[in-house]
Amino acid sequence: MLPEIIVHDSVRVLTSAQLAESFKTDSKTMNRNFQRNQDQFELGVHYFALTGEDLKAFKGERQNDVTLKYVSVLYLWTEKGAFLHAQFSKSKQAKDAYRALIDSYYTMLDKPPIEQPQALAISLADFQNLESRLVTLENQMHEVTLHSGEQLRLRKAVNERVYQLAEQTGARRVLFRALYSAIKDRYQVGSYRDVRQHELQDALNFVSSWGA
21 MLPEIIVHDS
31 VRVLTSAQLA
41 ESFKTDSKTM
51 NRNFQRNQDQ
61 FELGVHYFAL
71 TGEDLKAFKG
81 ERQNDVTLKY
91 VSVLYLWTEK
101 GAFLHAQFSK
111 SKQAKDAYRA
121 LIDSYYTMLD
131 KPPIEQPQAL
141 AISLADFQNL
151 ESRLVTLENQ
161 MHEVTLHSGE
171 QLRLRKAVNE
181 RVYQLAEQTG
191 ARRVLFRALY
201 SAIKDRYQVG
211 SYRDVRQHEL
221 QDALNFVSSW
231 GA
């Protein structure tokens, strides 16, 4: 069953509740992913935030929607926002749901019937456009750096390795500096925080074997 169609600023969007339902999760999980990775989301590109009179008007048009009753800030997610949520969820189910939304919701346009040959030509063009957008978004995700939880994992790995290698406090200080410097050199970053998400497992493996 398709979500209720919502258009904001001439763009089809989904509420957090609708997106959560499509991804087979809940709004709290969606909001938590958003808070943890908020620097990756751009207002007006990945989402819209309704407050005040705009939110009141939105609720007034949907008085039977119980998911809106206690909402003080309503997030509306664009196609690009849904893509980021699918990536941050790291579940195949969410990614499959995102592709289904592309096919059945975000890219569907209300057009009058047209002749079959023309329909096939438009379908091919839409498909190529979608593939191009997916490649662009995936390239952007390739550059996403570690979020706070992943930074913590890397710091813990560094601590464990240093304590394995040295018993003296003075020696540990030297090893900490050397290991963090090695991480920066290996991944060409100014700080361990700037290691990219897709490189995290490699970085953990590198740390665990460093100095051996």
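Counting from 21, one number per residue, gives the positions in the sequence shown under the working numbering. Where is the CB? At the ideal position from N, CA and C, for every residue including glycine. From a predicted model like this one, the values you see are computed outputs, not experimental measurements.
Alpha carbon of residue i to alpha carbon of residue j, nearest angstrom
i	j	result
residue 218	residue 162	7 Å
residue 47	residue 221	29 Å
residue 57	residue 74	25 Å
residue 131	residue 168	Because residue 131 carries a pLDDT of 44, less than 50, the predicted location of this residue cannot be relied on, and the following value inherits that uncertainty. Answer to the nearest angstrom: the Cα atoms are 45 Å apart.
residue 199	residue 178	7 Å
residue 180	residue 188	14 Å
residue 147	residue 65	21 Å
residue 205	residue 191	21 Å
residue 49	residue 226	31 Å
residue 230	residue 197	13 Å
residue 120	residue 201	44 Å
residue 91	residue 67	16 Å
residue 193	residue 85	57 Å
Residue nearest to residue i in terms of C-alpha spacing, selected from the options
i	options	result
residue 216	52, 60, 83 and 153	60
residue 158	195, 202, 205 and 108	108
residue 29	72, 183, 82 and 98	98
residue 81	55, 152 and 24	24
residue 203	228, 50 and 71	228
residue 224	79, 170 and 193	170
residue 185	232, 154, 207 and 160	232
CB contact flag (residue i, residue j, <7 Å)
i	j	result
residue 96	residue 27	no
residue 42	residue 117	yes
residue 172	residue 212	no
residue 93	residue 69	yes
residue 106	residue 100	no
Nearest-angstrom Cβ-Cβ length linking residue i and residue j, presumed shorter than 8 Å
i	j	result
residue 102	residue 63	Not quite, the Cβ-Cβ distance comes to about 15 Å (not below 8 Å), so this is no contact.
residue 209	residue 195	About 19 Å separates the two Cβ atoms, so there is no contact after all.
residue 176	residue 113	Not really, about 29 Å apart at Cβ, beyond 8 Å.
residue 214	residue 165	5 Å
residue 122	residue 150	6 Å
residue 36	residue 53	About 10 Å; that fails the 8 Å criterion.
| Where in the region 157-187 do unbroken runs of the alpha helix (DSSP H), each at least 4 residues long, occur, reported from the N-terminal end onward? | 168-185
| request: Go through the region 70-97 residue by residue and report every complete run of the beta strand (DSSP E) that reaches 3 residues or more, in order. | output: 94-97
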